[in-house]
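Taken in order, these protein sequences are the chains called A and B.
Following my numbering, the numbering of the first sequence begins with 1 at its first residue and continues without gaps.
Following my numbering, the numbering of the second sequence begins with 1001 at its first residue and continues without gaps.
Protein chains: 2
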Amino acid sequence: MLSEERYNYEGSGMAVMEMSHRSKGYLKIFEEVKADLRKVMNIPENYEIFFMHGGATGQFSAIPLNLLKKKADYIVTGNFAKKAAEEAAKYGEVHLAYNGKEENYKRIPKQEELKLSKDADYVHLCANNTIFGTEWDYIPETNGVPIVADMSSSILSKEIDVSRYGLIYAGAQKNMGISGLAVVIIRKDLIGEAKEYTPVLYRYDLTQKNDSMYNTPSTYSIYVLGKVLKWILNLGGLKEMEQRNALKAKTLYECLDNCDFYTPLAKKDSRSRMNVTFTAPSPELDAEFVKEAAERGLLNLKGHRLIGGIRASIYNAMPQEGVEELVAFMKQFAKEHAL
Amino acid sequence: MLSEERYNYEGSGMAVMEMSHRSKGYLKIFEEVKADLRKVMNIPENYEIFFMHGGATGQFSAIPLNLLKKKADYIVTGNFAKKAAEEAAKYGEVHLAYNGKEENYKRIPKQEELKLSKDADYVHLCANNTIFGTEWDYIPETNGVPIVADMSSSILSKEIDVSRYGLIYAGAQKNMGISGLAVVIIRKDLIGEAKEYTPVLYRYDLTQKNDSMYNTPSTYSIYVLGKVLKWILNLGGLKEMEQRNALKAKTLYECLDNCDFYTPLAKKDSRSRMNVTFTAPSPELDAEFVKEAAERGLLNLKGHRLIGGIRASIYNAMPQEGVEELVAFMKQFAKEHAL
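Given below as structure tokens:
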């Protein structure tokens, strides 16, 4: 995907890495990436696209610094949602509209469980919870309060209706390329005055005014994102991507549901299409599973240290064949280690 | 330099871009890059190395957020030094120990011109001023007040005595690889409590505690930095790099000094070894110079929009041959366009 063109971009004699962010050559790339993202995600004209530094965690701070005037609702469905809420509490009143901690974040709350404030500046949610393997399959009704969604681990994995959100943000390293870059999609009317002590790079008004170039943006990461977007467009867009991801997830969950050996960790109605979490009958067998899988070239299956167990992350880059290989291994492992 | 190993790093079956920042494979890269930077720059043990997001501009905010308790001295020798001072003024009292604006930032001040405060928390300076083509050739005496230096455009270009500084920082895109990454070298005793409203990613104490991994760092940029460091080590380290850069700068400045056609912009005793700024006899000839040079594959010679003219940036990646090609063109252009 990233071929030799990096070393001589369109005959410019320069590598993309070397290009000045204000050079004509780079600005062409930059504009095309923005246009392609708008096309792929069907982003309405009243939304801005920002490329910012610091991944999603930077936005944990930037969002309250820019948007939190009086109070914000946070829906806590996992570790990153919790971190986002803790960071926001430094900058204003944070109301936890739901907290899944007592249930070990095993599920996404129903609409009627959300204790939403009428006067919140925004409602924050994490669309997909990588550690626990849960994902929102609906957009909550917030009666006009803008929804701010961390989509770091689900962006570009399915079609979404951008117009239902006030702000969507994502660290790039799951489905958009390489780490360091944050993509922010924000409804223009939400861009206003930030708190006076907001660092320049975290200010949405300045980012808008400078078209994400107040300083040198992560030029190479943006270029890689462009390649990812072309790949998605060539496949047939997010509709096709969504179908592929649905099939991958179905293949894995069917295997889990049809085999008593494994225990899925997320509640059935809250299952993530990106991160499939489960356990073998004992922590020792979890470890053995991860070890034997690695020997077969199936990597990174260890569950997050916060909950242990096994986790299969099946982001966009994972093909159906990879999932089927994993399922074949899971069946064999279950047979060999059956109690 | 960045070969196919990126796609199958040491037989791991994974590309560096894909690796989790907490995977064994990546942590090995990460530790090696830190060790190599310590070796190349001869960084003493009482200094920490941080990899942070946001380039140098992020540090314009992070430095006062972490270090500015009462007052800070800023020495303003160019546009970035000015921006750093303006950002710091949001967080505390800023005293301009020197301001070169009236002289169009044509020179670096002498020690006796600096109006340093006795009770400053730190003195900030910009070691090399890319736009104006000036560079510090001495380290000012500050009577124990820590010096904080922006070395974005001169780091790794020569040997420096790290122990004379309290904090050194640099955006990576000039001499260290690709944009987005900031490298911070800080004396451990300066790491303390940040202002309470400091965004998590800007806090030095948290960065230290998490070894630059509070969130996913710019993994690929760090990897590229590692490659740059190996290249420097193989050449013979910063001593050799310094000699090469000195020769490159000498070659260019001799050409300027021996040809009435061009006017150097920086004062002779303040000349940068990284950015050589000059003008042809008219703005029209400046433009013609840039155009004709580009036709010969000599790119990016247009002066910064703030001052116009011509600027040759001769960072580490530029070889002596490139400089000699430029000089040959300069001589020919002067002959053809002599008045």
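We put the CB at the ideal spot given by N, CA and C, even for glycine.
For a test of the three-state rule: what should DSSP assign to residue i, helix, strand or coil?
| i | result |
| --- | --- |
| Gly1171/B | strand |
| Ala1182/B | strand |
| Tyr122/A | coil |
| Asn1258/B | coil |
| Met1274/B | coil |
| Ser1003/B | Legend: pLDDT at Ser1003/B = 48, less than 50; position of this residue unreliable, no value from coordinates given. |
| Val1145/B | coil |
| Asp150/A | strand |
| Thr1279/B | strand |
| Thr216/A | coil |
| Tyr91/A | coil |
| Tyr1197/B | coil |
| Asp1036/B | helix |
| Met19/A | coil |
| Lys1069/B | coil |
| Ser163/A | helix |
| Gly177/A | coil |
| Gly25/A | helix |
| Asn79/A | helix |
| Ser1221/B | helix |
| Ile155/A | coil |
| Leu1229/B | helix |
| Asn316/A | coil |
Please list, in chain order, the chain A residues whose beta carbon lies closer than 9 Å to that of residue i.
| i | result |
| --- | --- |
| Val1228/B | In chain order: nothing, as chain A lies at least about 11 Å away. |
| Thr1263/B | Simply none; closest approach about 24 Å. |
| Met1017/B | Leu2, Gln173, Gly177, Ile178, Ser179 and Val224 |
| Ser1272/B | Correct list: empty, because the minimum Cβ distance to chain A is about 17 Å. |
Given that residue i touches chain A, what residues does it touch there, using C-beta distances under 8 Å?
| i | result |
| --- | --- |
| Ile1139/B | In chain order: nothing, as chain A lies at least about 26 Å away. |
| His1021/B | Ser179 |
| Lys1090/B | Glu196 and Tyr197 |
| Gly1171/B | Asn215 and Thr216 |
| Phe1050/B | Under the 8 Å cutoff, chain A gives no residues; its nearest Cβ is about 14 Å from Phe1050/B. |
| Tyr1220/B | Ile178, Ser179, Gly180, Tyr220 and Ser221 |
| Asn1300/B | Ser20 and Ser23 |
| Phe1030/B | In chain order: nothing, as chain A lies at least about 12 Å away. |
| Phe1278/B | Simply none; closest approach about 19 Å. |
Can you tell me which residues form a DSSP beta bridge with residue i?
| i | result |
| --- | --- |
| Leu96/A | Tyr74/A |
| Gly302/A | Per the sequence presented here, residue 302/A reads as Lys, with Gly not at that position. Looking at the DSSP assignment, Lys302/A forms a beta bridge with Ile310/A. |
| Asn1129/B | Thr1134/B |
| Thr263/A | Thr279/A |
| Arg1187/B | Tyr1047/B |
Mind pulling the chain B residues with CB within less than 9 Å of residue i?
| i | result |
| --- | --- |
| Tyr214/A | Thr1057 |
So which residues on chain B does residue i lean against when the C-beta distance must stay under 8 Å?
| i | result |
| --- | --- |
| Pro217/A | Ser1179 and Gly1180 |
| Phe329/A | Per Cβ cutoff of 8 Å: no residues; Phe329/A is ~15 Å from chain B at best. |
| Ser282/A | Simply none; closest approach about 24 Å. |
Going by Cα to Cα distance, which pick from the options is closest to residue i?
| i | options | result |
| --- | --- | --- |
| Pro146/A | Arg38/A, Phe80/A, Thr216/A and Leu190/A | Leu190/A |
| Asn1143/B | Asn1275/B, Leu1114/B and Gly1100/B | Leu1114/B |
| Glu173/A | Ser163/A, Asn128/A and Leu225/A | Looking at the sequence itself, residue 173/A is Gln, so the reference to Glu does not match. Selected option, being the one with the closest Cα: Leu225/A. |
| Thr134/A | Pro319/A, Leu285/A, Lys291/A and Leu265/A | Leu265/A |
| Ile1178/B | Val148/A, Tyr223/A and Glu141/A | Tyr223/A |
| Trp1231/B | Ala1334/B, Asn1175/B, Ala1056/B and Gly1192/B | Asn1175/B |
| Lys1188/B | Met1213/B, Ser1154/B and Tyr1047/B | Tyr1047/B |
| Leu96/A | Tyr220/A, Glu86/A and Asn104/A | Glu86/A |
| Gln1208/B | Thr1219/B, Tyr1220/B, Ser1221/B and Ala1194/B | Ala1194/B |
| Ala1376/B | Thr1198/B, Ala1089/B and Phe1080/B | No statement about residue 1376/B is possible, as the shown extent of chain B runs from 1001 to 1339 and does not include it. |
| Val183/A | Thr198/A, Lys71/A and Tyr204/A | Tyr204/A |
| Val123/A | Ile108/A, Tyr98/A, Arg107/A and Asp137/A | Tyr98/A |
| Asp1269/B | Leu1167/B, Tyr1138/B and Asp1036/B | Tyr1138/B |
| Glu1141/B | Cys1259/B, Asn1129/B, Arg1164/B and Leu1206/B | Arg1164/B |
| Glu102/A | Tyr91/A, Tyr262/A, Val76/A and Asn215/A | Val76/A |
| Ile168/A | Ser212/A, Phe132/A, Met41/A and Ala338/A | Met41/A |
For residue i, report the span of its beta strand (DSSP E) as first-last.
| i | result |
| --- | --- |
| Tyr47/A | Tyr47 to His53 |
| Ile1108/B | No beta strand (DSSP E) contains Ile1108/B, which DSSP labels as neither H nor E. |
Could you work out which residues of chain A lie near residue i, taking near to mean beta carbons separated by less than 7 Å?
| i | result |
| --- | --- |
| Glu1087/B | Val200 |
For residue i, return the contacting residues in chain B, with the cut-off set at a CB-CB distance below 7 Å.
| i | result |
| --- | --- |
| Gly54/A | His1053, Gly1054 and Leu1201 |
| Ser153/A | Chain B residues near Ser153/A: none, gap ~12 Å exceeds 7 Å. |
Measuring from the CB of residue i, is there a heavy atom of the ligand GDP at a distance below 7 Å?
| i | result |
| --- | --- |
| Ser1117/B | By its list of ligands, the structure shown contains no ligand whatsoever, and the ligand GDP lies outside what it can speak to. |
Which first and last residues belong to the alpha helix (DSSP H) in which residue i is found?
| i | result |
| --- | --- |
| Lys1101/B | No alpha helix (DSSP H) contains Lys1101/B, which DSSP labels as neither H nor E. |
| Lys1335/B | Gln1320 to Glu1336 |
| Tyr204/A | Tyr204 to Lys209 |
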